[in-house]
Amino acid sequence: QVQLVESGGGLVQPGGSLRLSCIASGSSISRYFVRWYRQVPGNQRELVATITGDGATRYVESVEGRVAISKDNAKNTVWLQMYRLKPEDTAVYFCNAFDSMFMMNYWGQGTQVTVSS
Numbered sequence: 083q084v085q086l087v088e089s090g091g092g093l094v095q096p097g098g099s100l101r102l103s104c105i106a107s108g109s110s111i112s113r114y115f116v117r118w119y120r121q122v123p124g125n126q127r128e129l130v131a132t133i134t135g136d137g138a139t140r141y142v143e144s145v146e147g148r149v150a151i152s153k154d155n156a157k158n159t160v161w162l163q164m165y166r167l168k169p170e171d172t173a174v175y176f177c178n179a180f181d182s183m184f185m186m187n188y189w190g191q192g193t194q195v196t197v198s199s
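With our numbering, you'll find the sequence shown wraps up at 199, consecutive numbering, no jumps.
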């Protein structure tokens, strides 16, 4: 099992930047697909970015060019760097680890990002 703890959210003005962190414990992130999702109250969770075990990255179209997912296996940490933030990026951001061997999903508790002037 892996435990995930997100941090780094907060209030930022439109056009600003934030870096979210997801610190894993209990298992190495190198064995998981790690994804960032976001959720607005009343809506379903939306996938934002993925990083595979070997470091390949994928982004949804709505954020491509404005976010970068990265990781450090030695620190067991995944980051989501967000640039040129928009009010519509306001959401709770969740870190997710997917174990493809056992088909298990693990979630963190989320971190709130608010983009507002």
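Ideal placement from N, C-alpha and C gives every residue a C-beta, glycine not left out. All values derive from a computational prediction rather than experimental measurement.
Let me check understanding here. Comparing Cα to Cα, which of the options lies closest to residue i?
i	options	result
Arg120	Asp154, Ser89 and Cys177	Cys177
Glu143	Ser107, Gly190, Gly124 and Thr132	Thr132
Ala106	Arg127, Thr139 and Asn155	Asn155
Val198	Pro169, Lys157 and Ser99	Val is not the amino acid found at residue 198; the sequence shown has Ser there. Cα-wise, what sits closest to Ser198 is Pro169.
Lys157	Gly108, Ser99, Leu100 and Pro123	Gly108
Please classify residue i: is it buried, with 16 or more other beta-carbons within 10 angstroms of its beta-carbon, or exposed?
i	result
Arg113	exposed
Which residues in the same chain as residue i place their Cβ atom closer than 7 Å to its Cβ, once the five residues preceding and following it in sequence are excluded?
i	result
Arg166	Gly97 and Arg148
Gly190	Leu86, Val87, Glu88, Cys104, Phe176 and Cys177
Thr134	Phe115
Leu129	Arg117, Tyr119 and Val142
Determine whether the beta carbon atoms of residue i and residue j lie at a separation below 8 Å.
i	j	result
Tyr188	Gly91	no
Thr196	Thr172	yes
Val84	Ala179	yes
Leu102	Thr193	yes
Considering only residues of the same chain and omitting the five flanking positions on each side of residue i, which have a CB-CB separation below 6 Å?
i	result
Ala150	Gln163
Arg140	Thr132
DSSP puts residue i in a beta bridge; with which residues?
i	result
Gln194	Val174
Less than 8 Å between C-beta atoms, sequence neighbours within five positions excluded: which residues of the same chain meet that for residue i?
i	result
Arg127	Tyr119, Arg120, Gln121 and Phe176
Lys153	Ile111, Val116, Ile133, Gly137, Thr159, Val160 and Trp161
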